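Visitor:
Numbering (the numbering used here), first residue to last: 12 to 514.
(1) Buried or exposed: which applies to residue 21, given that a residue is buried once 16 or more other Cβ atoms fall within 10 Å of its Cβ?
(2) Let me confirm a value: residue 56 is counted as buried when at least 16 other C-beta atoms fall within 10 Å, else exposed. Which label applies?
(3) Could you tell me which whole alpha helix (DSSP H) segments of length 4 or greater appear in the stretch 428–467?
(4) Restricting to runs no shorter than 4 residues, where is the alpha helix (DSSP H) found entirely within the stretch 308–349?
(5) Whole angstroms is fine: what's the gap from residue 512's alpha carbon to residue 504's?
(6) Tell me the start and end of each unbroken alpha helix (DSSP H) in the stretch 241–284 that is at least 4 residues and wholly inside, in chain order.
(7) For residue 223, count the other beta carbons within 10 Å of its own beta carbon; 16 or more makes it buried, fewer makes it exposed. Which is it?
(8) Using the beta-carbon count (16 or more within 10 Å), is residue 240 buried or exposed?
(9) So, with DSSP's three-state summary, where would you put residue 41?
(10) Give the DSSP-derived three-state secondary structure of residue 91 in the structure shown.
(11) Take every Cβ of the stretch 394–409, pair it with every Cβ of the stretch 363–370, and state whether three or more of those distances are shorter than 8 Å.
(12) Within 7 Å of any Cβ in chain C, is that where the Cβ of residue 161 sits?
(13) So, are the CB atoms of residue 390 and residue 396 less than 7 Å apart?
(14) Tell me the rounded alpha-carbon separation between residue 141 and residue 174.
(15) Give the DSSP-derived three-state secondary structure of residue 578 in the structure shown.
(16) Can residue 229 and residue 214 be called in contact, C-beta distance under 7 Å?
(17) If you run the structure through DSSP and keep just helix, strand and coil, what is residue 294?
(18) Should residue 301 be labelled buried (16 or more other beta-carbon atoms within 10 Å of its own) or exposed?
(19) Whole angstroms are fine: how far does the CA of residue 268 sit from the CA of residue 33?
(20) Buried or exposed: where does residue 429 fall if 16 or more other Cβ atoms within 10 Å of its Cβ makes it buried?
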């Protein structure tokens, strides 16, 4: 493989002999992933490996998510004080334990007189404080110490892309997308300046997600595509399968946000295949596949994915209510309403214990589907509106669009034509709002769904020619890549309405 900053920027901190060894294995490596494997194999085989090589093996294996190697190295060297903070942080711990672990990291940080080693401890403290202990003060303190350390030793500046990348993720978790984009831009600039291909891919991935998935603005998705494409290309170059999975997950999420559910499902299945290749336990893939199948009207397929998820949920307990609701939604499509109610009730109990609003919103949405299937439209409206309110408050844009679509569907289903409303363009506030949002945000799949609902409305109003024109428009749209499922939806409406009106 060719030298790159992700590897070579370590050389200035480790001494001549370790440097020569790393150059040697870099020449034998096909890509970054192979380099990391060779480095980890070396430190595992040696009884007295150089401390800095062990730290590098930990750093790079953590980059690529090679958790089995990372854990094996820590088990081997856990009695060495220099590695003890990493060993502690690798243990499964409750929140209270994280406070003690962070205190131990601070002890070892203060004890070390090697600035390169101290930087590693501080960046670990920074991230753990936000993601585990939820201690903003410790994180802010670590960030200040990192900045002071870099001012003192400018050679460490090459690692700052990592800090800005982690900072960007933290800001996104906090809901400050614009500030997150600024931090991500800084991470990308620094990564490119130092030829750090790993953090270049991560910054491109995060930037693409922030612009195309979390910002939810017109033209933003088109702006994000080249960023995610470049991130994927770099991941392929590095042999970074986990990075590629992250990129694909965002692309799949963007497709779902656009209403391109078949594309979303196919990408999700590709992620699942990569995860199986790594021997990983699936995370959200079963839930995502079930939801895509539900939106495509594939009840049996959705049921299979939901059941597969329930069989593999042990490592992700917070997904359990979602998977029960996936199963409920699939059963509703199959008109097995009593069975569906059982799983809605189970999810309700789980959501009460978890106390997560996002789970409650999803429960309202699936509960609304059940109420609607039973003809209780008033309750269905209330449930969908409750789900929409939570998703709007928490900026969960993809779910928000789905809620609007459900409300518009229900509104059209309950529309009663009269002489007074025969010429109305929409069935009411929900179809109008759903259609407007889909067009403003340029969400092609949802634009097609709104046209289908308008066609259904026109048939009800007796405006058959206009209804057929809308069907034709949807059929033309369905020829566009990613929008093929619109054809089936349009033809179902046409088949249900045209024969009935002719008889």
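Heads up, the beta-carbon is just placed ideally off N, CA and C, and yes, glycines get one too. None of these values were measured; they are calculated from a predicted model.
Guide: According to the structure data:
(1) Position 10 of the chain shown, counted from the first residue, corresponds to residue 21. Label assigned to residue 21: buried.
(2) Along the chain shown, read from residue 1 onward, the residue named residue 56 stands at position 45. By the neighbour-count rule (16 or more Cβ atoms within 10 Å), residue 56 is not buried but exposed.
(3) 440–451
(4) 310–322, 331–344
(5) Along the chain shown, read from residue 1 onward, the residue named residue 512 stands at position 501. Along the chain shown, read from residue 1 onward, the residue named residue 504 stands at position 493. Low per-residue confidence applies at residue 512: pLDDT is 48, beneath 50, and the placement is therefore not dependable enough to give any value.
(6) 252–268
(7) As a working note, residue 223 is residue 212 in the chain shown. Residue environment for residue 223: buried (at least 16 other C-beta atoms within 10 angstroms of its C-beta).
(8) On the chain shown, position 229 is the one that residue 240 refers to. The residue in question, residue 240, is exposed, as its Cβ has fewer than 16 Cβ neighbours within 10 Å.
(9) By one-based count along the chain shown, residue 41 stands at place 30. Here residue 41 sits in coil by DSSP.
(10) The sequence position of residue 91 within the chain shown is 80, counting from 1. In this structure, residue 91 counts as coil in the three-state DSSP scheme.
(11) yes
(12) The chain inventory of the structure shown lacks chain C, comprising one protein chain alone.
(13) Taking the first residue of the chain shown as 1, we reach residue 390 at position 379. Taking the first residue of the chain shown as 1, we reach residue 396 at position 385. Not a contact, by the Cβ cut-off of 7 Å.
(14) Within the chain shown, numbered from 1, the residue matching residue 141 stands at position 130. Within the chain shown, numbered from 1, the residue matching residue 174 stands at position 163. Inter-residue distance for residue 141 and residue 174 is about 13 Å (C-alpha atoms, whole angstroms).
(15) The structure shown does not extend to residue 578, since the chain spans only 12 to 514, so no value can be given for it.
(16) Position 218 of the chain shown, counting from 1, holds the residue named residue 229. Position 203 of the chain shown, counting from 1, holds the residue named residue 214. Taking 7 Å as the Cβ cut-off, residue 229 and residue 214 do not qualify as a contacting pair.
(17) Numbered from its first residue, the chain shown carries residue 294 at position 283. The DSSP-derived three-state label of residue 294 is coil.
(18) For the purposes of this step, residue 301 is taken as residue 290 along the chain shown, with counting starting at 1. Per the 10 Å Cβ criterion, buried.
(19) As a working note, residue 33 is residue 22 in the chain shown. As a working note, residue 268 is residue 257 in the chain shown. Those two C-alpha atoms are separated by around 44 Å.
(20) Against the chain shown, residue 429 aligns to sequence position 418. The residue is exposed, with fewer than 16 neighbouring Cβ atoms inside 10 Å.
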